[in-house]
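Structure, as structure tokens:
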Amino acid sequence: MQENNEPKGKAKGGKARAAKMTAEEKKAQSLKMVQAKAELASMPKVIAGSNDEPLKIGEIELECYVLDDENKTRVFSQRGLASALGWDPSQAAARLANFTEGGFLNPFVNNEIPDLLRGALKFKNPHTPGYMIGYPATILADLCDAILAADAKGVLKKGQEELARRALLLVRGFARVGIVALVDEATGYQRIRERDSLAKILEAFVAKELQPWVHTFSPDYYEQLCRLRGIPYPPQKRNFPAYFGTLTNKIVYDRLAPGLREELKLAASKSKKSGRLHQHLTQEIGHPKLREHLSSVVTVMKLSNNYEDFETKFEVVHPELPKPSTRK
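Here it is as structure tokens:
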């Protein structure tokens, strides 16, 4: 039987519409698609948090995330913010807009809230298609303050008692623990934050080409390194010992490629004359090799009782590479 490869459903309709388009219309549509892809690529990405690990405050659950932008913005999803206030998530955008613009709460909100609601953040979640919409997490505290102020003035309408009850519940939760700390705990971001403190140490050894990859070191690597060295994790002083950078050089860079450590120092110096570092760590080869090596390192760490035990086992699995000859 001959297979029918004719498009069906939406695909068939799309093909029919494309056939009717003029050359100018096709060009405009193509440009629109390119612009949409560019916008999506430029959006901040989620680095911590997931929809199945919400922030819980009493009976209220909030989808929360941490983004990879400059400020590491903590956000609540638009749907999560609406759910926290007892609204239908599908009507989140309209309800939030009407909530402060010309509504009964307008006299009680600060000047920043309307702008923040209008300028909702678009961001990419690797676990969902397209993009998500959210707001800075601190905006919820401002909204709750406005609701409670309106309630105190007696301007809440009949049937809005539940809104005031939820606002009070949320504010009490925020008062017990800072909202940023709550989001960090719910998303696991505090583990990444501790990792970043070590990244700053490593930046003294790693040239610019490699710095974006410093953050590919998993939290397991630092947690196991702390365990083997007898140091609490996360560190009590919020910073890892400076010598961790030296250990990482020996564990990673001395075993990743011959002469890599020397190249890193050369590339980091002001007298660098050639960008040879990328020959060792490229997107196609160097980066995958780094991840592969780190995975092996963590496995050996987990099998070790202390740092001396780790050194013995690690030398068997990943012996130090010979230094390249300096002869011309």
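Position one of the sequence shown corresponds to residue 1 (full-length UniProt numbering), numbered consecutively onward.
The C-beta atom is built at its ideal place from N, Cα and C for all residues, glycine as well.
As the structure is a computational prediction, the values presented were derived from the model and not from experiment.
- For G80, same chain residues with a beta-carbon under 6 Å away, outside a window of 5 residues either side, are L62 and E63 in chain order.
- Straight-line measurement puts the Cα of P126 at about 33 Å from the Cα of D145.
- Distance from Y135 to V75 at the Cβ level is roughly 6 Å; contact confirmed, criterion being Cβ atoms closer than 8 Å.
- Closest in alpha carbon position to H318, among K20, V297 and A120, is V297.
- Here S304 has L228, F310 and K313 as same chain residues with Cβ atoms under 7 Å from its own Cβ, once five neighbours each way along the sequence are excluded.
- Contact between the segment 84-98 and the segment 31-43 is not established, with fewer than three Cβ pairs separated by less than 8 Å.
- DSSP places L121 inside the beta strand (DSSP E), whose first and last residues are L121 to F123.
- In summary, L31 is exposed, with fewer than 16 beta-carbon neighbours lying within 10 Å of its beta-carbon over all protein chains present.
- Between A97 and L117, the CB-CB gap stays under 8 Å.
- Here the C-alpha atom of Y65 lies approximately 21 Å from the C-alpha atom of Q91.
- As a beta-bridge residue in DSSP terms, Y65 pairs with V75.
- One alpha carbon belongs to T187, the other to M21, and they sit about 47 Å apart.
- The Cβ-Cβ distance between A150 and L156 falls below 8 Å.
- For the set N306, I113 and A28, the Cα lying nearest the Cα of I139 is the one of I113.
- Scanning its chain for C-beta atoms nearer than 7 Å, with the 5 sequence neighbours on each side dropped, one finds around K122 the residues M43, Y131 and I133, in chain order.
- Annotation for G159: no alpha helix (DSSP H) segment contains it, and DSSP assigns it neither H nor E.
- If you compare the alpha carbons of Q78, C226, P234 and E25 with that of N51, the shortest gap goes to Q78.
- Around the beta carbon of Y189, a 10 Å sphere encloses 16 or more other beta carbons of the protein chains shown; the residue is thus reported as buried.
- Residue ranges of uninterrupted beta strand (DSSP E) with 3 or more members, entirely inside the segment 109-156 and ordered along the chain, are 121-123 and 132-136.
- For K45, no alpha helix (DSSP H) segment is defined, and its DSSP state is neither H nor E.
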